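Note sheet for the following structure.
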Amino acid sequence: MAQLSSLIRTAAATRSPSSLNSSSPDSPLDDPRRRRKPTSWYKCEHCDAKFTRKYNYSIHLETHKVNRERTFVCTVPGCGSAFHRANELDRHMAGKHGMVVEKKGARKGSVYNKFG
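Mapping to my numbering: the sequence shown position 89 is 1064, numbers consecutive.
What follows is the structure in C-alpha coordinates.
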(Lines of atoms letter the chains of each structure in order from A and count residues from 1; the text may use other names and numbers.)
(Lines give C-alpha, C1' and ligand atoms only; values in the text may rest on other atoms or scores of the structure.)
Protein backbone atom coordinates (compact mmCIF):
# COMPACT_ATOMS: atom_id res chain seq x y z
CA MET A 1 0.00 0.00 0.00
CA ALA A 2 2.83 2.38 0.84
CA GLN A 3 4.50 1.61 -2.49
CA LEU A 4 1.32 2.46 -4.36
CA SER A 5 0.87 5.83 -2.64
CA SER A 6 4.53 6.76 -3.25
CA LEU A 7 4.16 5.79 -6.90
CA ILE A 8 1.08 8.02 -7.22
CA ARG A 9 2.89 10.94 -5.56
CA THR A 10 5.87 10.48 -7.90
CA ALA A 11 3.63 10.44 -10.97
CA ALA A 12 1.80 13.56 -9.82
CA ALA A 13 5.06 15.40 -9.08
CA THR A 14 6.52 14.66 -12.52
CA ARG A 15 3.49 16.06 -14.33
CA SER A 16 3.93 19.66 -15.39
CA PRO A 17 1.07 22.18 -14.98
CA SER A 18 0.82 22.56 -18.76
CA SER A 19 0.23 18.84 -19.14
CA LEU A 20 -2.84 19.13 -16.92
CA ASN A 21 -4.49 21.33 -19.54
CA SER A 22 -3.74 18.96 -22.37
CA SER A 23 -6.27 16.59 -23.83
CA SER A 24 -4.37 13.48 -22.85
CA PRO A 25 -6.54 10.52 -21.80
CA ASP A 26 -5.53 10.86 -18.15
CA SER A 27 -6.23 14.59 -18.03
CA PRO A 28 -8.62 15.67 -15.24
CA LEU A 29 -10.46 17.78 -17.80
CA ASP A 30 -11.53 14.58 -19.60
CA ASP A 31 -13.19 13.14 -16.51
CA PRO A 32 -16.74 12.15 -17.56
CA ARG A 33 -18.04 13.12 -14.11
CA ARG A 34 -17.11 16.77 -14.71
CA ARG A 35 -20.05 19.00 -15.52
CA ARG A 36 -19.95 20.07 -19.14
CA LYS A 37 -21.69 22.88 -20.93
CA PRO A 38 -24.83 21.69 -22.72
CA THR A 39 -24.41 21.07 -26.42
CA SER A 40 -28.10 21.11 -27.29
CA TRP A 41 -30.67 23.74 -26.40
CA TYR A 42 -34.43 23.86 -26.63
CA LYS A 43 -35.14 27.23 -28.24
CA CYS A 44 -38.52 28.90 -27.93
CA GLU A 45 -40.01 29.88 -31.28
CA HIS A 46 -42.05 32.67 -29.64
CA CYS A 47 -39.26 34.51 -27.79
CA ASP A 48 -35.50 34.36 -27.23
CA ALA A 49 -35.63 31.91 -24.31
CA LYS A 50 -33.36 28.84 -24.37
CA PHE A 51 -33.53 25.77 -22.12
CA THR A 52 -31.27 22.79 -21.56
CA ARG A 53 -34.05 20.54 -20.28
CA LYS A 54 -37.12 19.56 -22.25
CA TYR A 55 -39.35 19.74 -19.17
CA ASN A 56 -38.42 23.39 -18.51
CA TYR A 57 -39.00 24.18 -22.18
CA SER A 58 -42.48 22.61 -22.14
CA ILE A 59 -43.42 24.53 -18.96
CA HIS A 60 -42.22 27.74 -20.62
CA LEU A 61 -44.32 27.08 -23.75
CA GLU A 62 -47.44 27.17 -21.57
CA THR A 63 -46.77 30.86 -20.86
CA HIS A 64 -47.38 31.69 -24.53
CA LYS A 65 -50.85 30.11 -24.65
CA VAL A 66 -53.49 32.85 -24.58
CA ASN A 67 -56.47 30.84 -23.32
CA ARG A 68 -54.74 28.48 -20.93
CA GLU A 69 -56.70 27.25 -17.94
CA ARG A 70 -56.04 29.10 -14.70
CA THR A 71 -56.92 26.60 -11.99
CA PHE A 72 -55.17 28.24 -9.02
CA VAL A 73 -57.37 31.09 -7.76
CA CYS A 74 -56.55 33.60 -5.02
CA THR A 75 -58.77 33.07 -1.98
CA VAL A 76 -58.56 36.66 -0.67
CA PRO A 77 -62.00 38.32 -0.99
CA GLY A 78 -62.10 40.90 -3.78
CA CYS A 79 -58.81 39.85 -5.42
CA GLY A 80 -59.94 37.40 -8.09
CA SER A 81 -56.44 36.71 -9.47
CA ALA A 82 -56.00 33.27 -11.03
CA PHE A 83 -52.84 31.47 -12.08
CA HIS A 84 -51.77 28.57 -14.24
CA ARG A 85 -49.20 27.16 -11.80
CA ALA A 86 -49.29 26.74 -8.02
CA ASN A 87 -45.94 28.44 -7.52
CA GLU A 88 -47.29 31.57 -9.24
CA LEU A 89 -50.17 31.66 -6.75
CA ASP A 90 -47.71 31.20 -3.86
CA ARG A 91 -45.62 34.12 -5.11
CA HIS A 92 -48.76 36.27 -5.52
CA MET A 93 -49.99 35.47 -2.01
CA ALA A 94 -46.61 36.35 -0.48
CA GLY A 95 -46.02 39.50 -2.53
CA LYS A 96 -49.48 41.06 -2.73
CA HIS A 97 -51.18 39.86 0.44
CA GLY A 98 -48.25 39.17 2.80
CA MET A 99 -49.22 35.54 3.21
CA VAL A 100 -47.07 32.44 2.98
CA VAL A 101 -48.19 28.89 2.25
CA GLU A 102 -48.15 26.34 5.05
CA LYS A 103 -47.64 23.09 3.17
CA LYS A 104 -49.38 20.16 4.78
CA GLY A 105 -48.87 17.11 2.61
CA ALA A 106 -50.66 17.47 -0.71
CA ARG A 107 -51.23 20.83 -2.35
CA LYS A 108 -54.99 20.45 -1.80
CA GLY A 109 -54.44 20.88 1.93
CA SER A 110 -52.41 24.09 1.64
CA VAL A 111 -53.29 26.92 4.00
CA TYR A 112 -52.07 30.51 3.67
CA ASN A 113 -51.10 32.44 6.81
CA LYS A 114 -49.97 36.01 7.41
CA PHE A 115 -46.26 36.59 7.96
CA GLY A 116 -45.37 36.58 11.64
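Where is the CB? At the ideal position from N, CA and C, for every residue including glycine.
Computed from a predicted model, the values in this text were never measured in an experiment.
Nonlocal neighbours in the same chain, by C-beta distance under 8 Å from residue 1029, ignoring five residues either side | Position 54 of the sequence shown, counting from 1, holds the residue named residue 1029. Answer for residue 1029: 1017, listed in chain order.
Selection from 1069, 1059, 1023 that minimises the alpha carbon distance to residue 1042 | Counting from one through the sequence shown, the residue named residue 1042 turns up at place 67. Residue 1042 has its Cα closest to that of 1059, out of 1069, 1059, 1023.
Drop a sphere of 10 angstroms on the beta-carbon of residue 1023, count the other beta-carbons inside from all chains shown, and report buried for 16 or more, exposed for fewer.
-> Numbered from its first residue, the sequence shown carries residue 1023 at position 48. By the 10 Å Cβ count, residue 1023 comes out exposed.
Between residue 1039 and the rest of its own chain, which residues show a CB-CB distance below 6 Å, the 5 nearest in sequence each way excluded?
-> One-based indexing of the sequence shown puts residue 1039 at position 64. Same-chain partners within the cutoff: 1021.
Can residue 1035 and residue 1047 be called in contact, C-beta distance under 8 Å?
-> Numbered from its first residue, the sequence shown carries residue 1035 at position 60. Numbered from its first residue, the sequence shown carries residue 1047 at position 72. Taking 8 Å as the Cβ cut-off, residue 1035 and residue 1047 do not qualify as a contacting pair.
From residue 1067 to residue 1008, what does the alpha carbon distance come to, in whole angstroms?
-> Start at 1 with the first residue of the sequence shown, and residue 1067 comes out as number 92. Start at 1 with the first residue of the sequence shown, and residue 1008 comes out as number 33. The alpha-carbon atoms of residue 1067 and residue 1008 are separated by roughly 39 Å.
DSSP state of residue 1018 mapped onto helix, strand, coil = As a working mapping, residue 1018 is identified with position 43 in the sequence shown. If DSSP states are grouped into helix, strand and coil, residue 1018 belongs with the strands.
Give the straight-line distance between the Cα atoms of residue 1065 and residue 1015, rounded to the nearest whole angstrom.
-> Taking the first residue of the sequence shown as position 1, residue 1065 is located at position 90. Taking the first residue of the sequence shown as position 1, residue 1015 is located at position 40. C-alpha separation (whole angstroms): 32 Å.
Other residues of its chain near residue 1069: CB distance less than 7 Å, five sequence neighbours each side excluded = Residue numbering aside, residue 1069 sits at position 94 when the sequence shown is read from its first letter. Answer for residue 1069: 1075, listed in chain order.
Roughly how many whole angstroms lie between the Cα atoms of residue 1033 and residue 1062?
-> Position 58 of the sequence shown holds residue 1033. Position 87 of the sequence shown holds residue 1062. The alpha-carbon atoms of residue 1033 and residue 1062 are separated by roughly 16 Å.
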